[in-house]
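Novice: For the sequence shown, my numbering puts the final residue at 161, and the numbers step up evenly by one. Just so you know, even glycine gets a beta-carbon here, dropped at the ideal spot from N, CA and C.
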Amino acid sequence: WSCQLSSGINAEWPLRPGFTRWINAQLRVNESEKEVVNLTSDLSDGVVLAVVVSGLSGQKITVNPAPTGRFGKLINVEKSLSVMRKLGLELVNIDASDVVNKNEKLILALIWSMIQGFQITDMSVDGFSSSDTDAGAVKSSKRHKKLKKRKKKKVPTATLR
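Laid out in C-alpha cells, this is it:
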C-alpha cells in the first residue's frame with residue numbers, strides 16, 4: 001500500500017482522495033448526512049463504516065452513534081468487520097484496533113477490500129462476471145451470489161440512535 005519514492009514522498013497519498021470520494025458516494029447512496037473529510041479520523045469510531053457496510057451488504061448494523069471511549073469504538077468497528085468477513089471479504093491482517101488507532105495504510109487496505117468485494121464482483125461484461133476470470137472463482141462466485149441476494153432485499157441501513 002505504500003512505496004517510498006527516492007524523493008522521500010510516501011506514494012499512498014494518491015489513494016486518499018479517491019477512496020474518500022468512494023466512501024462519500026456510499027454515504028450519499030444510503031442517504032446519510034455524514035461526510036468524510038479525513039479517512040483515518042472519520043472512520044475511527046466505526047459509525048461511518050457501519051453505514052457504508054450496512055448499505056453495501058444489505059444487513060442492518062446497529063452501532064452506538066457517539067461512542068465515548070476506545071471500547072465503544074472497537075465494538076462499532078468490529079460489527080462492520082464481522083459482516084464483511086461473513087460475506088467472504090478478505091481482511092488480511094486488519095482488525096478493529098487498526099481502524100480505531102487510525103492506521104492509514106490498513107484503513108486504505110480495508111477500503112480497497114470493500115471496493116473489490118462489494119463493487120468489482122458486481123461488474124460483468126458480455127455475460128462474464130469478474131469472478132469468471134479469478135483464480136478464486138469458486139469463492140468469488142459464492143460471495144457474488146450472497147451480494148446479489150442482498151440486493152434483492154430492501155433492508156434498512158445502519159440504525160443510529
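So, under 8 Å CB-CB, L49 and V92 are touching, yes? Tell me the CB distance rounded to an integer number of Å.
Specialist: Not confirmed; about 17 Å, so no contact.
Novice: If you check the beta carbons only, do L74 and I94 fall under 8 Å apart?
Specialist: No, Cβ-Cβ distance for L74 and I94 is not below 8 Å.
Novice: Would you mind reading off the limits of the alpha helix (DSSP H) that contains G72?
Specialist: It spans R70 to K86 - the alpha helix (DSSP H) in which G72 sits, taken as one unbroken run.
Novice: Would you mind sorting V29 into buried or exposed? The rule is 16 or more other CB atoms within 10 Å of its CB.
Specialist: It is exposed - the Cβ of V29 has fewer than 16 other Cβ atoms within 10 Å.
Novice: Determine, using beta carbons only, whether L43 and F19 come nearer to each other than 8 Å.
Specialist: Cβ distance not < 8 Å, so L43 and F19 don't count as in contact.
Novice: Out of curiosity, what's the CA-to-CA distance linking K79 and V63?
Specialist: So the alpha carbons of these two residues sit roughly 8 Å apart.
Novice: Report, in whole angstroms, the separation of the C-beta atoms of P67 and D45, which I expect to be a contact under 8 Å.
Specialist: About 5 Å separates the two Cβ atoms, so the contact holds.
Novice: Looking at the structure shown, is V36 part of a helix, part of a strand, or coil, going by DSSP?
Specialist: Of the three classes helix, strand and coil, the one that applies to V36 here is coil, per DSSP.
Novice: To the nearest angstrom, how far is it from the Cα of S82 to the Cα of V53?
Specialist: Near 10 Å, if we compare the C-alpha coordinates of V53 and S82.
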